[in-house]
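Shown next, in structure tokens, is the structure this report addresses.
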Amino acid sequence: MGVEGIGARVARKEDKRFITGAGRYVDDMVVPGMKHAAFVRSPYAHADIRKIDVKAAQAMPGVIAVLTGRELKADGVGNLICGWMIHSKDGTPMKMGAWSPLAVDRARYVGDAVAIVVAETKGQARDAAEAVEVTYKERKAVTDAVKALGKGAPQLHPEADNNLIYDWEIGDAKATEAAIAKAAHVTRMHIVNNRLVPNAMEPRAALGHYDKAEDHYTCWTTSQNPHVARLVMSAFYNIAPENKLRVIAPDVGGGFGSKIFIYPEEIVCLWASKRAGVPVKWVADRTESFLTDAHGRDHVSEVQMAFDKNNRIIGLKVDTIANFGAYMSLFSSSVPTYLYATLLSGQYDIPAIHANVRAVYTNSAPVDAYRGAGRPEATYLLERVMETAARELGVDPAELRRVNFIRQFPHQTPVILNYDAGDYEASLDAAMKAADYAGFAKRRDKAKKAGRLRGIGLSCYIEACGLAPSAAVGSLGAGVGLWESAEVRVNAVGTIEVMTGSHSHGQGHETTFAQLVSDRFGLPVDSVNIVHGDTDKVQMGMGTYGSRSGAVGMSAIVKALDKVEAKAKKIAAHLMEADEGDIVIENGELKVAGTDKSVPWFQLALAAYTAHNLPAGMEPGLKEGAFYDPTNFTFPAGCYICEVEVDPETGRTEIVQFVAADDFGNIINPMIVEGQVHGGIAQGVGQAMLEGAHYDPASGQLLTASYMDYTMPRADDLPSFKVSTSNTPCPSNPLGIKGCGEAGAIGSPPAVINAITNAIGNNDLTMPATPQRVWAALKAATKH
Amino acid sequence: MSEVSMVVNGRKVSGAVEDRTLLVHYLREHLGLTGTHVGCDTSQCGACVVHMDGKAVKSCSILAAQASGSEIVTIEGLANGADLHPVQAAFKEHHGLQCGFCTPGMIMAATDMIRRHPEGLDEATVRAELEGNICRCTGYHNIVKAVLAASKTMAKAGKGKARKAA
Chain A
9 MGVEGIGARV ARKEDKRFIT GAGRYVDDMV VPGMKHAAFV RSPYAHADIR
59 KIDVKAAQAM PGVIAVLTGR ELKADGVGNL ICGWMIHSKD GTPMKMGAWS
109 PLAVDRARYV GDAVAIVVAE TKGQARDAAE AVEVTYKERK AVTDAVKALG
159 KGAPQLHPEA DNNLIYDWEI GDAKATEAAI AKAAHVTRMH IVNNRLVPNA
209 MEPRAALGHY DKAEDHYTCW TTSQNPHVAR LVMSAFYNIA PENKLRVIAP
259 DVGGGFGSKI FIYPEEIVCL WASKRAGVPV KWVADRTESF LTDAHGRDHV
309 SEVQMAFDKN NRIIGLKVDT IANFGAYMSL FSSSVPTYLY ATLLSGQYDI
359 PAIHANVRAV YTNSAPVDAY RGAGRPEATY LLERVMETAA RELGVDPAEL
409 RRVNFIRQFP HQTPVILNYD AGDYEASLDA AMKAADYAGF AKRRDKAKKA
459 GRLRGIGLSC YIEACGLAPS AAVGSLGAGV GLWESAEVRV NAVGTIEVMT
509 GSHSHGQGHE TTFAQLVSDR FGLPVDSVNI VHGDTDKVQM GMGTYGSRSG
559 AVGMSAIVKA LDKVEAKAKK IAAHLMEADE GDIVIENGEL KVAGTDKSVP
609 WFQLALAAYT AHNLPAGMEP GLKEGAFYDP TNFTFPAGCY ICEVEVDPET
659 GRTEIVQFVA ADDFGNIINP MIVEGQVHGG IAQGVGQAML EGAHYDPASG
709 QLLTASYMDY TMPRADDLPS FKVSTSNTPC PSNPLGIKGC GEAGAIGSPP
759 AVINAITNAI GNNDLTMPAT PQRVWAALKA ATKH
Chain B
22 MSEVSMVVNG RKVSGAVEDR TLLVHYLREH LGLTGTHVGC DTSQCGACVV
72 HMDGKAVKSC SILAAQASGS EIVTIEGLAN GADLHPVQAA FKEHHGLQCG
122 FCTPGMIMAA TDMIRRHPEG LDEATVRAEL EGNICRCTGY HNIVKAVLAA
172 SKTMAKAGKG KARKAA
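Respectively, the protein sequence lines represent chains A and B. Just so we're aligned, residue 9 is where the first sequence starts under the numbering used here, counting upward by one. Just so we're aligned, residue 22 is where the second sequence starts under the numbering used here, counting upward by one.
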């Protein structure tokens, strides 16, 4: 590696603009003639829309247009769709209810968009939105997925009887039942994975601009995948053909999954721009974000884990109910199936697994992928059960895991995935050492003397990342391929632009992707520019989620770099009258190995473009593109250990140390990887101790719809983290990298809850473990 | 409408605004200073922190009219020309930002915090004082590191200046 190559802690190139206030987010964009939008939203969780009277609103100061769902439908704008087909175990396709970008006859959750107002100023648009008179007839609502499946529950969509979207299974039911029947011990648990709101700090926003002269649309949007947005808006929502629609995702202030999906607002802003004849900008306020951003998690599961007399797991049976909210969001169906149930083998050699998953409509915000997406739910379930089993069996939780680790690779699990490489014991040992696991008993005794309850908890996670081999996901129902594209454009003076289909919204791609180029050609990262987030500049891409930008996005860049390098060497060999095989590239020069002959990189680039002296038949220029389709998922894994102290008087819990030992394969920039882990852990600790989206069961109102009500992790809720990495390189991609974006959020919640339950001596604790819940669980445990 | 006039980043500005215009909207929409961000509606997230007469304030909880007559410094006015302010430099060096959205508010809050603690800062104090600024990306780990480092750098520079003056 060079000082700026692979493995170097290069400070981020993009930071300059962010620390000086020069970042460009959607709300910072101004287009001449631009006006402002506000949405009229349903205040009811479930209601028929009887009448919409816009007259008073239209007469308000500054109002340009008030538009409703009927006009949108009349213009042929399509319904929102879920792009991953899942079939129930009886062979029937999932039951997708209609989701109009503006509700026409019925609103199905609080916040469902009913109309849009366009006005001169944002304030005027909001005032007028309040003056739109909608006559609702309220219906009974249900926000709890288990209740929504029950007899007599309110019905959301005519397409889905009993609110059931699908009833799906994976694995071998018979073999699993047989294992449970003959087990020496079975651990049974009821596991709830609490509902979360992703809460990227930048609220969602959209700016739609219809250019009448060109019959062309431009959409600036807070997206993790602008090309997918364009594809879906063209192919399904009938906004415009792809060549008439440009989607730009400029600087985006965090996504965590919530900005993967195409939402009603960007579609409506584009449509309204044509209707009203002005560019239309909408920016969510925070409560709108709480109400309408896709939420995460919300699973209820029953689990049985069977052990033989040697404490080896012989079977795992899981029954999960997943809350999908009022409509099926873009990738919602894949989350509790192929991103969840396929991970139920964890790091363990389990011969028989069966999982049943029911997806359910409720009168709540749509639920879709949130950092980890399915994998945190699988990890939480497994690792809670492992810890509980260890307590029931009277063995050390670390040792129970050790006995059951997979040790031979590749390993075929009973739930589709084929793990390619890993060393789970290495992460476990590293974490135990960093946490001084052996010294815990002493620390616990010392805390006890001070009147505090100290507990320690482990979590050994695995995730499937680098999403994903296109043919494999296609066979499982995905409507898209999950490859990535790249184009490496060497300019005539040797500077380089890399166009990538990945999108950076905090991940630091502008630095790490440049490090790949720097490493290859020995050029400074400052001579490399990473271009992303604009469908006019980058031909096609699948975007950033599922920890895929490294394993898939960078692999595409590597493939394009291979082609650039090959052509550059051909030109260099020709210029220096040497053999192509003797050319090496070092420190920005192309050299003939073993001689003092060399051509500087910039001169080589110039030669490619002047084309005065190229090998016979060679095209001028130096620019290559590539598509990379992964051959397997990647499998980051690791071990997290959390140590807590609980105040028995108040239930207040403090994390006294948090250790993460991850195996991400090869690493491009350790500084950025550590930052990803820190952020992920904070979100996982948030889920475990602080965060939870709560709907009032009777009215369906979201009770946690602001930062006054939904507890975001703050600096004083968290400790500094001890993070380290080990490395079993990923064999399936050219860089040997596995991905690191989601690990922290996946691995940490069970470690925290295992630590708290260890401290209080009661396994019965649900997330978030607020002081009140911890106190109650502690009282329950000490009652007898 | 209200007539407002103030000094923003060393430049005198004035104009007429709707009475309900918040300082943050005046900065962003009237002056084009979009480095100051809006991340919530309840004065909780701190993305909008600027300095008003030398003190950190949440510009979403002050009317532009209330700020009339005062001196405002935003993230755009913190660096000295091409030289980054030590807090800006520390955020970059210690990877104290990811998506960058909370960063201007964090930096403005941290600068004020360091000014109020000439005796120096420790981790617990930094964490407690950052309570009014939410970051969803970094887990605060590197933000805390950056603030502590900047505090040290500025203390050293302050001593250097004091010696020179003596």
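We put the CB at the ideal spot given by N, CA and C, even for glycine.
Proximity to glutamate 518(A) across Asp23(A), Arg78(A), Ala121(A) peaks at Asp23(A), based on C-alpha coordinates. With its beta carbon less than 8 Å from one in chain A, tyrosine 161(B) belongs to the interface. DSSP places arginine 238(A) within a helical segment (H, G or I) once states are collapsed to three. Note on geometry: alpha-carbon atoms of threonine 63(B) and leucine 48(B) lie some 18 Å from one another.
Around the Cβ of valine 501(A), a 10 Å sphere holds fewer than 16 other Cβ atoms; the residue is exposed. When the beta-carbon positions are compared, valine 667(A) and alanine 439(A) come within less than 8 Å of each other. As the crow flies, the alpha-carbon of glycine 561(A) is around 8 Å from that of tyrosine 636(A).
Within the DSSP bridge table, the entry for glycine 304(A) names Leu204(A) as partners. Using beta-carbon distances, glycine 121(B) counts as an interface residue toward chain A, with a partner under 8 Å. For threonine 174(B), there are no C-beta contacts with chain A under 8 Å, since the nearest C-beta of that chain is about 15 Å from it. Think of a sphere of 8 Å around the beta carbon of leucine 105(B): the chain A residues whose beta carbon falls inside it are Ile27, Thr28, in chain order.
If the five residues before and after alanine 284(A) are omitted, its C-beta is found closer than 8 Å to the C-beta atoms of Lys43, Ile72, Ala73, Leu75, Val126, all from its own chain and listed in chain order. Cβ-Cβ separation between arginine 116(A) and alanine 334(A): approximately 4 Å, consistent with a contact (criterion under 8 Å). In this structure, DSSP gives cysteine 277(A) a helical state, which the three-state scheme calls helix. The beta carbon of valine 165(B) falls within 8 Å of a beta carbon belonging to chain A, placing the residue at that interface. Burial state of methionine 716(A) is exposed, judged by a 10 Å Cβ sphere holding fewer than 16 other Cβ atoms.
Residue environment analysis places threonine 230(A) among the buried positions, since at least 16 neighbouring C-beta atoms fall within 10 angstroms of its C-beta. A contact is defined here as three or more CB-CB pairs under 8 Å, and the stretch 344-359 of chain A fails this definition with respect to the stretch 271-283 of chain A. Under the 10 Å beta carbon count, glycine 91(A) is surrounded by 16 or more other beta carbons and is classified as buried.
Counting only runs that start and end inside the stretch 466-508 of chain A, the beta strand (DSSP E) elements of at least 3 residues fall at 492-498, 504-508. Taken in chain order, the members of the stretch 716-730 of chain A whose beta-carbon sits within less than 8 Å of a beta-carbon on chain B are Met716, Met720, Pro721, Arg722, Ala723, Asp724, Leu726, Ser728, Phe729. Interface flag for lysine 113(B) against chain A is set, since a Cβ pair is found closer than 8 Å. Within 7 Å of the CB of cysteine 66(B), the CB atoms of chain A belong to Met209, Tyr715, in sequence order along the chain. Between glycine 551(A) and asparagine 762(A), the C-beta spacing is not below 8 Å. Here DSSP, grouped into helix, strand and coil, assigns threonine 350(A) to helix. Your pair threonine 520(A) and isoleucine 329(A) does not check out as a contact, with CB atoms roughly 39 Å apart and the cut at 8 Å. Judged by their CB atoms, valine 375(A) and serine 340(A) are nearer to each other than the 8 Å cut-off.
The beta carbon of valine 94(B) sits closer than 7 Å to the beta carbons of Asn30, Val71, His72 from its chain, once the five residues preceding and following it are set aside; these are given in chain order. Here glutamine 420(A) carries a strand assignment [DSSP, helix/strand/coil]. Asparagine 371(A) places its beta carbon less than 8 Å from that of leucine 164(A). Closest in alpha carbon position to isoleucine 27(A), among Val108(B), Lys76(B), Asp40(B), is Val108(B).
Non-local beta-carbon contacts of glutamine 66(A) in its own chain, meaning distances under 6 Å to residues more than five positions away in sequence, involve Val74 in chain order.
The beta carbon of histidine 419(A) sits closer than 6 Å to those of Tyr427, all from its chain and outside the five residues before and after it, given in chain order.
For the 8 Å CB-CB criterion, valine 260(A) and tyrosine 553(A) do not form a contact. Per DSSP, alanine 442(A) is not a residue of any beta strand (DSSP E); the alpha helix (DSSP H) it occupies stretches across 432-442.
For arginine 722(A), the number of other beta carbons within 10 angstroms of its own is at least 16, and it is reported as buried.
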